[in-house]
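Numbering (UniProt numbering), first residue to last: 1 to 160.
Think of the CB as a built atom: it goes at the ideal place given N, C-alpha and C, for glycine as much as any other residue.
Model, not experiment: these values are computed from the prediction.
See below:
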């Protein structure tokens with residue numbers, strides 16, 4: 001079994017999210033799929049009924065008032081991975097996840113602005129010609145990582 005250091009780590013967050021329900025769903029998925037923390041950029045969070053496993057008590061949520069605040073607080077040697085429908089983005093199914101990654105999702109209606117995409121180390125995209133629900137997109141990205149990157153969870157891990 002891999003140790004935490006060998007497996008790396010990741011976090012996932014939303015830039016200018018529109019609904020609190022999506023963040024609650026993302027938080028629950030992040031807990032189940034092994035993220036170390038979640039975050040928001042330029043929006044706030046309030047407790048949601050979609051978080052039925054009380055993920056708020058198991059992994060932290062950080063809020064960055066601006067995108068620059070996020071950039072200033074990215075852990076050392078960690079890649080910022082933007083998830084966006086962009087013709088220059090790499091397809092998720094072909095993507096090799098970095099050992100240490102921060103995944104950034106855009107709002108469903110506006111996505112990530114150009115100035116944010118330019119600061120991302122990598123852009124990835126999912127199949128399709130329009131955006132999915134941000135909670136669903138985050139779940140797909142985290143599941144893809146869980147299937148491709150060695151994890152610290154043994155088979156049949158249950159901790160709820």
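Going by Cα to Cα distance, which pick from 118, 109, 113 is closest to residue 130? 109
Kindly say whether residue 143, judged by its beta-carbon, lies nearer than 8 Å to any beta-carbon of chain D. In summary, chain D is missing from the structure at hand, where a single protein chain is found.
Would you check if the distance between the CB atom of residue 116 and the CB atom of residue 101 is smaller than 8 Å? no
Taking the runs of the beta strand (DSSP E) that are 3 residues or longer, which of them lie wholly in the UniProt domain "tRNA/rRNA methyltransferase SpoU type" (18-143)? 37-41, 61-64, 79-83, 100-106, 122-125
Please classify residue 27 as buried or exposed, where buried requires at least 16 neighbouring CB atoms within 10 angstroms. buried
Quick check: the Cα distance between residue 70 and residue 43, rounded to an integer number of angstroms? 12 Å
Have a look at residue 30 and residue 90 and give me their C-alpha separation to the nearest angstrom. 22 Å
Roughly how far, in whole angstroms, is the beta-carbon of residue 138 from the beta-carbon of residue 105, given that I think they are within contact range, below 8 Å? 6 Å
Just the Cα atoms here: how many angstroms apart are residue 144 and residue 77? A straight line joining the alpha-carbon of residue 144 with that of residue 77 spans about 21 Å.
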